[in-house]
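Residue numbers (the working numbering): 13 to 350.
Backbone N, C-alpha and C define an ideal beta-carbon position, used for all residues, glycine too.
Beneath this line is the structure, given in structure tokens, with notes to follow.
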């Protein structure tokens, strides 16, 4: 599935029928084909609910396990370690790997760190690096509207930096800690880098923003391709973040709006922005890249533009040559030596 290839339903609430009878439940929000929300509070996720267990992946030789970060909130993660590293002595400097903290996409309301496409993606990245990866399973809207995902993600970063897990303590190179994500996950990364800058957290070396879930009140560039969907984005954002007062110019979804904090204070040294030519959010990615370059931020930013490609193509179509090239570029970015 390519996002945001969804058709939101506006207008009056609808009824749903289960089996041969009407449940007589009003649908108050519908974003097809991914989610449906009822007035009584029931949430039907129509996509992105499948999960797979951690395992030793035979194709990549990457071992994974699940960890609980905060039992009170349910915050968890899946940790990935190449098996060639797992057998090495903890004191071996050669076996200390870059640490990648990854935030999955899914419009803030579907998918998980345990879903098949993300499990496969993290296995692949961990092998290509090689790197030690932590895929964060943050809480989803609407049960947990924003900023819950941001708070969970910040807590996950703190947990990683505490080296509480033996794999992290033995094999993580904490001079090379990266954050990355696609779509909603890229949006989360941006907020984490802002907070890292505000709080003086100097531990994040860089971040990769892939097909970022960024928007703004005034349509630009690629957004003009689908004005019907573009007009629905404000409604979708208010569903995800009911407390917003600025709509699509909320700094959480428009990091270059007048209300947004300066990008000059971003809390990392390197940024990779990736955009896809057929993505509705292509122009937003380029706008962010250009604004960051001109902000006075002292770090290094680069961009990957994949022509004739869809939103998160590398996640849902990993068998393609374009996906292979994207993943190699990401792995090289994370594994760079300094």
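Fill in: Status (buried if at least 16 other CB within 10 Å, exposed otherwise) for residue 318
The residue is buried, with at least 16 neighbouring Cβ atoms inside 10 Å.
Worksheet item: For residue 301, which three-state DSSP category applies?
Response: Look at residue 301 here: in three-state DSSP terms it is helix.
Item to complete: Tell me residue 115's beta-bridge partners as DSSP assigns them.
Response: According to DSSP, residue 115 shares a beta bridge with 148, 193.
Discussion item. Just to confirm the assignment, what range does the alpha helix (DSSP H) spanning residue 345 have?
Written reply: 333-347
Worksheet item: For the putative contact between residue 176 and residue 252, defined by C-beta atoms under 8 Å, what is the C-beta separation to the nearest angstrom?
Response: About 30 Å; that fails the 8 Å criterion.
Discussion item. Closer than 8 Å is the cut-off here; do at least three beta carbon pairs connect the stretch 321-340 with the stretch 303-313?
Written reply: no
Discussion item. Quick check on the burial criterion: 16 or more other C-beta atoms within 10 angstroms. Buried or exposed for residue 267?
Written reply: buried
Practice prompt. Check each candidate in 323, 334, 90, 92 and name the one with the smallest Cα separation from residue 118.
Written response: 323
Worksheet item: Residue ranges of each beta strand (DSSP E) run of no fewer than 3 residues wholly in the stretch 28-100, ordered along the chain?
Response: 33-44, 47-50, 55-57, 74-82, 87-94
Worksheet entry | For residue 278, the three-state DSSP class (helix, strand or coil) | coil
Practice prompt. Using only alpha-carbon positions, find the residue among 46, 52, 45 that is nearest to residue 39.
Written response: 52
Discussion item. Could you tell me the alpha carbon to alpha carbon distance between residue 296 and residue 285, rounded to whole angstroms?
Written reply: If you take the alpha carbons of residue 296 and residue 285, they lie about 11 Å apart.
Practice prompt. Could you tell me the distance, in whole angstroms, from the CA atom of residue 173 to the CA atom of residue 215?
Written response: 8 Å
Practice prompt. Pair every Cβ in the stretch 132-139 with every Cβ in the stretch 148-163, then say whether three or more of these pairs are closer than 8 Å.
Written response: no
Discussion item. Quick check: residue 59 and residue 76, are their CB atoms within less than 8 Å of each other?
Written reply: no
Worksheet item: Can you give the Cα-Cα distance for residue 254 and residue 238, rounded to whole angstroms?
Response: 24 Å
Worksheet item: Taking just the CA atoms, how far does residue 228 sit from residue 248?
Response: Each residue's Cα considered, the two are about 13 Å apart.
Worksheet item: From 261, 213, 183, 147, pick the residue whose C-alpha is nearest to that of residue 197; which is it?
Response: 147
Worksheet item: Residues in its own chain within less than 6 Å of residue 131 by CB, not counting five upstream and five downstream?
Response: 64
Fill in: Endpoints, the beta strand (DSSP E) within which residue 314 is located
Taken as a continuous stretch (DSSP letters only), the beta strand (DSSP E) holding residue 314 covers 312-318.
Discussion item. Extract the residue ranges of the alpha helix (DSSP H) inside the stretch 156-202, only unbroken runs of 4 or more that lie entirely within it.
Written reply: Runs of the alpha helix (DSSP H) inside the stretch 156-202: 160-173, 178-183.
Practice prompt. Determine the closest residue to residue 78 out of 110, 233, 125, with distance taken between C-alpha atoms.
Written response: 125
Discussion item. With a threshold of 7 Å on Cβ separation, who are the neighbours of residue 157 within its own chain once the five nearest residues in sequence on each side are excluded?
Written reply: 252, 253, 254
Worksheet entry | Under the three-state DSSP convention, the category residue 285 falls into | strand
Worksheet item: Does at least one heavy atom of the ligand MN sit under 7 Å from the Cβ of residue 232?
Response: The ligand MN is not among the ligands present in this structure, which contains no ligands whatsoever.
Worksheet item: Are the CB atoms of residue 180 and residue 111 nearer to each other than 8 Å?
Response: yes
Worksheet item: Near residue 69, which residues of its chain fall below 6 Å by C-beta distance, leaving aside the five closest residues on each side in sequence?
Response: Within the same chain, residue 69 has close Cβ partners 135.
Worksheet item: In the structure shown, what three-state DSSP assignment does residue 220 receive?
Response: strand
Discussion item. Tell me the rounded alpha-carbon separation between residue 116 and residue 37.
Written reply: 31 Å
Worksheet item: Can you tell me whether residue 97 is buried or exposed, with buried defined as 16 or more other CB within 10 angstroms of its CB?
Response: buried
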